[in-house]
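Participant: Provided herewith is a single structure, encoded as structure tokens, for subsequent inquiry.
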Amino acid sequence: MKKPIRVEITGRNSFWQNAVKVEWEHQYPDRKWIEQGDRFYVIEAEWLLDLQRIANQCFSTAVVAPEDVGRRNLFRKIFRREDDVE
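In the working numbering, the protein residues as written are 759 to 844.
And the structure:
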């Protein structure tokens, strides 16, 4: 990878989060990402806008993930959404 970045994909639920993966593989079969858990992926930086567009179409978001996810996980536990399952 030229310039790898770590991104987090968050969907309304697991169906829409998986839809982002399926749509990405359909539209960009030659662009392979590295999975790091159920929400985190490593992609090339130049792919970010394309990934955000696809995520938006699938009722999801794709953002650059922080290196230390501890704080974000703390806020997720405090402000849990009903469809946010761990």
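Built from N, CA and C at the ideal position, the CB exists for glycine as well.
Note that the coordinates shown come from a computational prediction; the quantities given were computed from them, not determined experimentally.
With H, G and I counted as helix, E and B as strand and the rest as coil, what does DSSP make of residue 823?
Facilitator: Looking at residue 823 - three-state DSSP - the assignment turns out to be coil, as it is neither helix nor strand.
Participant: In three-state DSSP terms, what is residue 838?
Facilitator: Coil at residue 838, not helix or strand.
Participant: Compare the beta carbon distance of residue 778 and residue 812 with 9 Å and say whether it is the shorter of the two.
Facilitator: Yes, the Cβ-Cβ distance between residue 778 and residue 812 is below 9 Å.
Participant: Where does residue 817 fall in DSSP's three states?
Facilitator: Three-state DSSP puts residue 817 in coil, outside helix and strand.
Participant: Suppose only complete runs of 3+ residues qualify. What are the beta strand (DSSP E) ranges in the segment 764-823, listed by chain order?
Facilitator: Listed in chain order, they are 792-794, 798-802 and 818-822.
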